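Everything below concerns the one structure shown next.
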């Protein structure tokens, strides 16, 4: 079962905490999943959904909070890509399509029409100004209508497909009013609102009422982030090992050149450090220190090799000879 379906199944069971929340959810579902169809001098209010429980929930909310009768129709446009589709549309008391004045009244009450019976393209003012709990209900409606959630093991994305740019801007705006960042963009001739931050998605799911799914989301997100951290550390360790090995080989080549320049004129402690470097070309400085007799610290062995190379470079410059760096190849210097 997809995470999107998990969320919709849970949201379809949420009990609105107030009339305002219920009405905000209805307004949002109707805005993002349907709207108005003009029939002579009146309107048919409808919504087309891909989730049966959401369609059934919409009918119940409309009946309880608006006292308006609706019908539920299973559409015949089912395809593997789109899945099953369901339409909820208004009826009058005679079980006919609502083409009378009450349908216009419901369209106004649900925020699809303004007081002048003009279509509203964004969200109605009571939703925009409704406060934090109303914002959660509005996002719940939008998600039930046209939402999707990507499993956090792949990427972070909560997305809502919008019917217009105005609706997208309104949805972004109400998210901002509860301090959550969403963005909108135009893609494939439609507008989409997306939340991409994992923590923000978790907070929005909580605000919408999907508390069980939040726990699953956070668990999968934590697993992904832990795996990502482990991968970064492993890559970091690998890079450090590669750099250390390359530095050891480079240092060995310079020490060999130092012996050529200085000949027998080398202090014994520096000679022993240099010989250890040549005998163990891939060992780290810490490992070289442990091989010394008596054992030396990493800093001590590094200091002796550094003094050996400095002495050789000084003699080389005085004699006009190639110094210890002259033996380095391009391959040795690659990062």
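In my numbering, the protein residues as written are -6 to 328.
Ideal Cβ positions, reconstructed from N, Cα and C, are used throughout, including at glycine.
All of these numbers come straight from a predicted model, not from anything done at the bench.
Rounded separation between residue i and residue j - CA only
{"i": "residue 103", "j": "residue 21", "result": "9 Å"}
{"i": "residue 162", "j": "residue 105", "result": "16 Å"}
{"i": "residue 315", "j": "residue 191", "result": "58 Å"}
{"i": "residue 201", "j": "residue 17", "result": "12 Å"}
{"i": "residue 193", "j": "residue 150", "result": "10 Å"}
{"i": "residue 56", "j": "residue 203", "result": "24 Å"}
{"i": "residue 169", "j": "residue 175", "result": "7 Å"}
{"i": "residue 255", "j": "residue 148", "result": "60 Å"}
{"i": "residue 133", "j": "residue 277", "result": "58 Å"}
{"i": "residue 177", "j": "residue 120", "result": "19 Å"}
{"i": "residue 89", "j": "residue 210", "result": "For residue 89, the predicted structure reports a pLDDT of 46, less than 50, and the residue's modelled location is therefore unreliable. The matter cannot be settled from this model."}
{"i": "residue 320", "j": "residue 189", "result": "52 Å"}
{"i": "residue 312", "j": "residue 292", "result": "30 Å"}
{"i": "residue 329", "j": "residue 28", "result": "What the structure shows of the chain is the stretch from -6 to 328, and residue 329 is not part of that stretch, so it cannot be assessed."}
{"i": "residue 112", "j": "residue 65", "result": "24 Å"}
{"i": "residue 283", "j": "residue 257", "result": "25 Å"}
{"i": "residue 184", "j": "residue 239", "result": "52 Å"}
{"i": "residue 236", "j": "residue 285", "result": "23 Å"}
{"i": "residue 69", "j": "residue 101", "result": "30 Å"}
Residue from the options whose Cα sits closest to the Cα of residue i
{"i": "residue 260", "options": "120, 302 and 240", "result": "302"}
{"i": "residue 300", "options": "322, 251 and 169", "result": "251"}
{"i": "residue 80", "options": "254, 44, 57 and 184", "result": "44"}
{"i": "residue 207", "options": "170, 145, 265 and 246", "result": "145"}
{"i": "residue 9", "options": "30, 28 and 58", "result": "58"}
{"i": "residue 196", "options": "178, 185, 209 and 173", "result": "173"}
{"i": "residue 130", "options": "266, 6 and 281", "result": "6"}
{"i": "residue 40", "options": "135, 244, 124 and 309", "result": "135"}
{"i": "residue 118", "options": "256, 13 and 279", "result": "13"}
{"i": "residue 19", "options": "-5, -3, 52 and 3", "result": "52"}
{"i": "residue 333", "options": "265, 82, 267 and 247", "result": "With the chain covering only -6 through 328, there is no way to say anything about residue 333."}
{"i": "residue 179", "options": "210, 4, 236 and 160", "result": "160"}
{"i": "residue 3", "options": "276, 205, 282 and 278", "result": "205"}
{"i": "residue 42", "options": "60, 212, 141 and 199", "result": "141"}
{"i": "residue 267", "options": "297, 288 and 199", "result": "297"}
{"i": "residue 116", "options": "263, 158, 265 and 183", "result": "158"}
{"i": "residue 182", "options": "155, 171 and 245", "result": "155"}
{"i": "residue 166", "options": "60, 122, 11 and 100", "result": "122"}
{"i": "residue -4", "options": "11, 198, 28 and 236", "result": "198"}
{"i": "residue 264", "options": "304, 243 and 171", "result": "304"}
{"i": "residue 124", "options": "107, 11 and 281", "result": "11"}
{"i": "residue -1", "options": "280, 69 and 143", "result": "143"}
{"i": "residue 171", "options": "185, 184 and 126", "result": "126"}
Beta carbon of residue i nearer than 9 Å to that of residue j
{"i": "residue 1", "j": "residue 47", "result": "yes"}
{"i": "residue 187", "j": "residue 153", "result": "yes"}
{"i": "residue 241", "j": "residue 274", "result": "yes"}
{"i": "residue 164", "j": "residue 50", "result": "no"}
{"i": "residue 322", "j": "residue 306", "result": "no"}
{"i": "residue 23", "j": "residue 30", "result": "no"}
{"i": "residue 84", "j": "residue 63", "result": "yes"}
{"i": "residue 139", "j": "residue 26", "result": "yes"}
{"i": "residue 82", "j": "residue 67", "result": "no"}
{"i": "residue 249", "j": "residue 271", "result": "yes"}
Sequence-distant residues of the same chain with beta carbon closer than 7 Å to residue i, five excluded per side
{"i": "residue 87", "result": "With a pLDDT of 42 at residue 87, under the threshold of 50, the modelled position of this residue cannot be trusted, and the question is left open."}
{"i": "residue 98", "result": "none"}
{"i": "residue 61", "result": "55, 83 and 99"}
{"i": "residue 107", "result": "113"}
{"i": "residue 281", "result": "269, 270, 273 and 294"}
{"i": "residue 262", "result": "297"}
{"i": "residue 289", "result": "282"}
{"i": "residue 226", "result": "Residue placement at residue 226 cannot be trusted, given a pLDDT of 46 that sits under 50; the coordinates are not used to answer."}
Short CB-CB distance (under 9 Å) between residue i and chain C
{"i": "residue 309", "result": "You won't find chain C in this structure, because it holds only one protein chain."}
Contact set for residue i: own chain, Cβ-Cβ below 8 Å, skip 5 residues either direction
{"i": "residue 76", "result": "43"}
{"i": "residue 287", "result": "none"}
{"i": "residue 245", "result": "270, 271 and 274"}
Contacts around residue i, its chain only, beta-carbon distance under 6 Å, and the 5 residues preceding and following it disregarded
{"i": "residue 279", "result": "291"}
{"i": "residue 253", "result": "none"}
key: Ordered list of beta strand (DSSP E) runs contained in the region 103 to 188, each at least 3 residues   = 140 to 143, 150 to 155, 176 to 180 and 183 to 188
message = My parser needs the beta strand (DSSP E) runs of 3 or more residues fully inside the region 0 to 72; what are they?
response = 27 to 32, 35 to 42 and 62 to 67
task = Write down every uninterrupted run of the alpha helix (DSSP H) in the region 240 to 302 whose length is 4 residues or greater and which is fully enclosed by it, in chain order.
result = 261 to 272 and 278 to 284
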